[in-house]
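A short worksheet on the structure shown next.
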Amino acid sequence: MKTFNTGKITFQYPAKWEVEKADILSNPDCIATLSKGQDNLINAVMFPTATNLDDYKIFMENAISDDGGVILASDFTQIAGKDAIKLHANIDTPEINFDIHTYVFIEEKNIYIFELRTLDISGESEGEFKDIVDSFKILN
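Heads up: the sequence shown is residues 943 to 1082, going by our numbering.
Right, here's the structure in full:
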């Protein structure tokens, strides 16, 4: 396992995942981008928020549905010792059909969103993603 550390957050990730250059020009809130091959991409973002998990869950579900996505599961959960939203959806575009797995935390008026976009139907990448998120820590 390798460690990702920004000084504000940290998490562990498997060596077969690569840290990409975060695209902060098109997404200034991006704190990490990881990939495994062409079929798996994880983005982590953080930004200030006044919302709560209940309201954000509704917002996120509506945004995915409005974009034509199909929500397969959306639940409140506990991971990394924190309350979170866990969402699984399928996005079918003319170019590609992929699944997204998302975990959302809101801590001290900041929102942290980890999203996996994957074509891997074996569940391996999803399991690795869950382990990555489970190792997430906010540093003081």
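We treat Cβ as the ideally placed atom computed from N, Cα and C, and that holds for glycine. Model, not experiment: these values are computed from the prediction.
Asked: Close beta carbons around residue 981, own chain, < 7 Å, minus the five adjacent residues each side; Found: 1060, 1061 and 1062
Asked: 6 Å CB neighbourhood of residue 987 in its chain, flanking five on each side removed; Found: 971, 972 and 1055
Asked: With 16 other Cβ atoms within 10 Å as the buried cut-off, status of residue 978; Found: buried
Asked: DSSP state of residue 1037 mapped onto helix, strand, coil; Found: coil
Asked: Three CB pairs or more closer than 8 Å across the region 999-1009 and the region 1061-1077; Found: no
Asked: Cα-Cα separation, residue 1007 to residue 945; Found: 34 Å
Asked: Beta-carbon separation (whole angstroms), residue 1081 vs residue 950, contact threshold 8 Å; Found: 6 Å
Asked: Inter-residue spacing [alpha-carbon to alpha-carbon] between residue 991 and residue 943; Found: 31 Å
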